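Numbered per my numbering, the sequence shown spans residues 578 to 928. The beta carbon of each residue, even a glycine, is placed where N, CA and C say it ideally should be. In this text, all values refer to a predicted model and were calculated from it rather than measured experimentally.
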Amino acid sequence: MLMMAGRGGATKLASSMMLAARCFSTATARGMLVKEAVHAKAMEFHGDVVRGNVGEFLVRGSVFGLRHGTTASFSEKDQQQNVQPVAEGGGGDKEEKKESTVSYWGVPPSRVTKEDGTEWKWNCFRPWETYSADLSINLTKHHAPVTFLDKMAFWTVKSLRWPTDLFFQRRYGCRAMMLETVAAVPGMVGGMLLHCRSLRRFEHSGGWIKALLEEAENERMHLMTFMEVSNPRWYERALVFTVQGVFFNAYFLGYLISPKFAHRMVGYLEEEAIHSYTEFLAEVDRGNIKNVPAPAIAIDYWRLPPNSTLRDVVVVVRADEAHHRDVNHFASDIHYQGRELKEAPAPIGYH
Numbered sequence: 578m579l580m581m582a583g584r585g586g587a588t589k590l591a592s593s594m595m596l597a598a599r600c601f602s603t604a605t606a607r608g609m610l611v612k613e614a615v616h617a618k619a620m621e622f623h624g625d626v627v628r629g630n631v632g633e634f635l636v637r638g639s640v641f642g643l644r645h646g647t648t649a650s651f652s653e654k655d656q657q658q659n660v661q662p663v664a665e666g667g668g669g670d671k672e673e674k675k676e677s678t679v680s681y682w683g684v685p686p687s688r689v690t691k692e693d694g695t696e697w698k699w700n701c702f703r704p705w706e707t708y709s710a711d712l713s714i715n716l717t718k719h720h721a722p723v724t725f726l727d728k729m730a731f732w733t734v735k736s737l738r739w740p741t742d743l744f745f746q747r748r749y750g751c752r753a754m755m756l757e758t759v760a761a762v763p764g765m766v767g768g769m770l771l772h773c774r775s776l777r778r779f780e781h782s783g784g785w786i787k788a789l790l791e792e793a794e795n796e797r798m799h800l801m802t803f804m805e806v807s808n809p810r811w812y813e814r815a816l817v818f819t820v821q822g823v824f825f826n827a828y829f830l831g832y833l834i835s836p837k838f839a840h841r842m843v844g845y846l847e848e849e850a851i852h853s854y855t856e857f858l859a860e861v862d863r864g865n866i867k868n869v870p871a872p873a874i875a876i877d878y879w880r881l882p883p884n885s886t887l888r889d890v891v892v893v894v895r896a897d898e899a900h901h902r903d904v905n906h907f908a909s910d911i912h913y914q915g916r917e918l919k920e921a922p923a924p925i926g927y928h
């Protein structure tokens, strides 16, 4: 009787610990041994089986392992191997194949397809996030600096353009790569700070959080596109680390001190981006830059025709920059008028 009670207590203890592992971890595939241990105890009530599985649980389980309470993703090998043979304990010789899933709830990811029924191959964006760029937007619009902060923002951007021209010369592909690594920062910083302010004040943001984060994502997609057509050198990649680290912290402090100055500076930065992409197009038209086929990611993201070229990509990217220019100048104007950011302009895919 005492031995049976001891075995029963060990079984309950192991079951409770297995249940805790399922509650505090999303690493389902790594918990395969735990599930098999529970199954083994249901089939065999031998003390050595229980003790062996508890020891396996302590070493490989999710509660006491390195994956405690995390959302760590699976390795690529684990995701590819969906069927793994696991031996049953208790002295049995049977082997049963158990199917592991990559979803915590056991539900496989849905299959996303294009309009023509072909499989969607991009995980960084989905079909409903794609759009056709508004090419009718005014590219020559310029906000004349009037106030002291306007002039300060204008000349700050102009001073940054000189070393950029000196460093990249006419290597517009790598120049665009560097430009987008910087341009994707302000939207993320502004959206993050507005998000925190919304939480502190218990108030809505008027859509500005989404608008700024969408701007950051759009700029990041520009970078992902130009990475397909440019081959930055090692020192240019190293420069990205330096520029991003300095610019992120400087813009963060600048936005805390004066959002109207921060948005105005981004507006002027986008004006310079329009100028740079116009020069990019001129070089392509002259034949100095080869007009290669558009990357597949650009064709899907901007809904371009299948036979689109690099020139078509630069045109739609330049239109995006013009939209960001108008959004940031508008945000700065609101602050100058003493009004809060109560209503954001239309997102980039709906203007």
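Taking a contact to mean a Cβ-Cβ separation below 7 Å, would you say valine 843 touches asparagine 795 in this structure?
In this structure, asparagine 795 does not lie closer than 7 Å to valine 843 by Cβ.
Coil, strand or helix - threonine 758 by DSSP:
Reduced to three states, the DSSP call for threonine 758 is helix.
With the cut-off set at 7 Å, would you say glycine 750 and alanine 793 are in Cβ contact?
Taking 7 Å as the cut-off, the Cβ atoms of glycine 750 and alanine 793 do not count as close.
Hey, how far is the Cα of alanine 908 from the Cα of phenylalanine 818?
When the Cα atoms are used, alanine 908 and phenylalanine 818 turn out to be separated by approximately 28 Å.
Glycine 831 - containing alpha helix (DSSP H), residue span:
Counting along the chain, the alpha helix (DSSP H) containing glycine 831 begins and ends at 811-834.
Apart from the five residues on each side of it in sequence, which residues of its chain come closer than 6 Å, Cβ to Cβ, to alanine 760?
Only Glu796 meet the Cβ criterion.
If we ignore side chains and look at the alpha-carbon of each, how far apart do proline 836 and phenylalanine 779 end up?
Near 20 Å, if we compare the C-alpha coordinates of phenylalanine 779 and proline 836.
For my contact list, valine 892 and leucine 712 are in at a C-beta cut-off of 8 Å; report their separation, rounded to the angstrom.
Contact between valine 892 and leucine 712 is confirmed by a C-beta separation of about 7 Å, below the 8 Å threshold.
Determine the direct distance from the alpha carbon of glycine 683 to that of alanine 710, and round the result to whole angstroms.
Their Cα atoms are separated by approximately 39 Å.
Reducing DSSP to helix, strand and coil, say where proline 763 ends up.
Correct three-state label for proline 763: helix.
What is the DSSP secondary structure of glutamate 696, reduced to helix, strand or coil?
Strand, per DSSP.
From the DSSP output, in three-state form, read off proline 922 for me.
Proline 922 falls in the coil class under three-state DSSP.
C-alpha gap between leucine 770 and aspartate 742, whole angstroms
Their Cα atoms are separated by approximately 32 Å.
Using the Cβ count rule (16 or more neighbours within 10 Å means buried), how would you classify threonine 724?
Its Cβ having fewer than 16 others within 10 Å, threonine 724 is exposed.
Is any non-hydrogen atom of the ligand GTP found closer than 6 Å to the C-beta of alanine 730, if you look at the structure I gave you?
Annotation note on the ligand GTP: not contained in the displayed structure, which lists no ligands.
Per-residue DSSP class, three states only, for proline 883
Proline 883 falls in the coil class under three-state DSSP.
Under the three-state reduction of DSSP, which class applies to threonine 690: helix, strand or coil?
Threonine 690: strand per DSSP, three-state reduction.
Is the distance from the Cβ of phenylalanine 824 to the Cβ of alanine 730 below 7 Å?
7 Å or more divides the Cβ of phenylalanine 824 from the Cβ of alanine 730.
Just curious, the alpha helix (DSSP H) that aspartate 877 is in, first and last residue?
That run of the alpha helix (DSSP H) goes 873-878.
Taking the alpha carbon of proline 686 as the reference point, which residue from Asn700, Asp897, Glu692, Asp693 has its own alpha carbon closest?
Nearest in C-alpha terms to proline 686, of all of Asn700, Asp897, Glu692, Asp693, is Asn700.
Kindly indicate which three-state DSSP category proline 704 falls into: helix, strand or coil?
Residue state, collapsed to three classes: helix.
Run through DSSP, which three-state label would proline 685 get?
Three-state DSSP puts proline 685 in coil, outside helix and strand.
From Pro872, Asn826, Asp897, residue whose alpha carbon lies closest to that of glutamate 791:
The candidate whose alpha carbon is nearest that of glutamate 791 is Asp897.
Please confirm whether asparagine 868 and threonine 886 have their CB atoms less than 7 Å apart.
It is a contact, given that the beta carbons lie within the stated cut-off.
Specify, as a first and last residue, the run of the alpha helix (DSSP H) that leucine 726 falls within.
In this chain, the alpha helix (DSSP H) harbouring leucine 726 covers 725-745.
Starting from the C-beta of glycine 768, find all residues in its chain whose C-beta is less than 6 Å away, skip the five residues before and the five after it, and write them out in chain order.
These residues qualify, in order along the chain: Ile786, Leu789, Leu790.
Complete alpha helix (DSSP H) runs within the segment 832-870 (minimum length 4 residues, chain order)
Fully enclosed alpha helix (DSSP H) runs of 4 or longer: 836-863.
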